[in-house]
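Q: Under my numbering, the residues of the sequence shown are numbered 230 to 439, in order.
Yeah, the Cβ is synthetic: ideal placement off N, Cα and C, and Gly gets one too.
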Amino acid sequence: MSSAPRQSDLKPEDVRHSLLEDALGLLTGTFVVSLGLYLLQSVQAVTGGTAGLALLISYAVDVPFGWLFALVNAPFFLLAIWKKGWDFTLRTGLSIALVSSFSALQSAMFGVVDVPTLYGVLGGNVLAGVGLLIVFRHRSSIGGFNIVALLAQERLGWRAGYVQMALDTAVVLLALIVVEPFVVLVSAVGAALLNLVLALNHRPGRYMGY
């Protein structure tokens with residue numbers, strides 16, 4: 230009986246995702262991310278990154294989250310093109326568009342939901358973290374700080390989750406301007422949980438599919 234091949238014996242063509250796998254992966258990942266963001270929005274909480282910044286702005290102005298999410302991410306496209314190339318940038322643009330569209334879908338399907346703050350924050354961040362893992366593993370991101378975190382991991386060897394955690398702290402602290410202190414505190418715990426999910430599951434060299 231032959232044993233399973235070791236990772237070191239695998240060739241790039243043996244582990245590369247097919248176009249169909251990438252498409253289904255991005256659809257799945259962005260849907261899960263949007264569901265997590267919807268839970269956060271339902272309790273008026275925030276998280277880190279451009280998603281958290283878009284949520285924060287949506288509480289202050291009467292503009293749909295999906296539009297704000299796309300606008301906040303726009304400046305990071307130049308960085309993505311410069312450092313990551315067109316393939317990654319186009320995939321990221323598609324992922325951002327999908328998250329924005331799915332966010333509108335979640336609102337249309339669920340309307341206004343009443344969930345406990347702690348559940349909405351922690352559950353929302355876990356879902357967002359799992360969705361981001363799927364998106365990352367199909368050579369994409371949902372823009373903004375994700376791009377910076379992935380670049381730091383690839384160029385400097387820093388774990389993407391820890392880099393994002395530092396950047397997210399600033400966004401969560403900004404929430405004190407428009408969100409109750411208790412919700413900000415819980416949001417900080419939730420953002421840390423999201424980045425812990427990434428740090429434990431998205432390490433350089435561990436995942437062979439790309």
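Take Q335 and list the residues in its own chain whose beta-carbon comes closer than 7 Å to its own, dropping the five residues that flank it on each side.
A: Reading the sequence shown from its first residue, position 106 is the one you call residue 335. So the qualifying residues of the chain are S263, L264 and Y267.
Q: From A428 to E383, what distance separates their C-alpha atoms?
A: One-based indexing of the sequence shown puts residue 428 at position 199. One-based indexing of the sequence shown puts residue 383 at position 154. The straight-line gap from Cα to Cα measures roughly 14 Å.
Q: Helix, strand or coil for N430? Go by DSSP, reduced to three states.
A: For the purposes of this step, residue 430 is taken as the residue at position 201 of the sequence shown. Looking at N430 - three-state DSSP - the assignment turns out to be helix.
Q: Of all the beta strand (DSSP E) runs that stay within the bounds of the segment 330 to 399, which reach a length of 3 or more residues?
A: Taking only runs of at least 3 residues, no beta strand (DSSP E) segment lies wholly in the segment 330 to 399.
Q: Determine, using beta carbons only, whether S287 and L297 come nearer to each other than 7 Å.
A: If you number the sequence shown from 1, residue 287 lands on position 58. If you number the sequence shown from 1, residue 297 lands on position 68. Yes, the Cβ-Cβ distance between S287 and L297 is below 7 Å.
Q: Can you list, in chain order, the residues of its chain whose CB lies under 8 Å from that of G419, leaving out five sequence neighbours each side?
A: Counting from 1 along the sequence shown, the entry for residue 419 is found at position 190. Closer than 8 Å at Cβ, skipping near neighbours: L269, A274, T276, V350, L351, G353 and N354.
Q: Let me make sure I understand the geometry here. Which of L249, T257, S247 and V272 has the alpha-carbon closest to that of L362?
A: As a working note, residue 362 is residue 133 in the sequence shown. Here the closest residue by C-alpha is T257.
Q: Distance, Cα to Cα, G390 vs V426?
A: What you label residue 390 is simply residue 161 of the sequence shown in a count that begins at 1. What you label residue 426 is simply residue 197 of the sequence shown in a count that begins at 1. Taking the straight line joining both Cα atoms gives about 8 Å.
Q: With contact counted as at least three CB pairs below 8 Å, one residue from each stretch, are the segment 336 to 349 and the segment 391 to 408 in contact?
A: With the cut-off at 8 Å, the segment 336 to 349 and the segment 391 to 408 do not touch.
Q: Considering just the uninterrupted stretch of the alpha helix (DSSP H) at A252, what are its terminal residues?
A: Mapped onto the sequence shown, residue 252 falls at position 23. That run of the alpha helix (DSSP H) goes L248 to S271.
Q: Give me the residue from T321, V412, R368 and F306 with the minimum Cα distance to H431.
A: Residue mapping note: residue 431 aligns to position 202 of the sequence shown, counting from 1. Here the closest residue by C-alpha is R368.
Q: Since G358 and L284 are thought to touch, with beta carbons under 8 Å apart, how far apart are those beta carbons, to the nearest angstrom?
A: For this step, residue 358 is matched to residue 129 along the sequence shown. For this step, residue 284 is matched to residue 55 along the sequence shown. Contact flag wrong, Cβ pair sits at about 15 Å.
Q: Please state the DSSP three-state secondary structure of P410.
A: The residue you call residue 410 lines up with position 181 of the sequence shown. Reduced to three states, the DSSP call for P410 is helix.
Q: Using alpha carbons as the reference points, say which of A395, A417, R245 and V377 lies closest to K312.
A: Counted from its first residue, the sequence shown places residue 312 at position 83. Of the listed residues, the one whose Cα sits closest to K312 is V377.
Q: Contact defined as beta carbons within less than 8 Å: I believe S324 pairs with L255. What is the distance between those atoms, to the nearest angstrom?
A: The residue labelled residue 324 in the question sits at position 95 within the sequence shown. The residue labelled residue 255 in the question sits at position 26 within the sequence shown. The Cβ separation is near 6 Å, so the contact holds.
Q: Look at the Cβ atom of V328, then the Cβ atom of I371, and state whether they are nearer than 7 Å.
A: The count along the sequence shown starts at 1 and reaches residue 328 at position 99. The count along the sequence shown starts at 1 and reaches residue 371 at position 142. A contact, by the Cβ cut-off of 7 Å.
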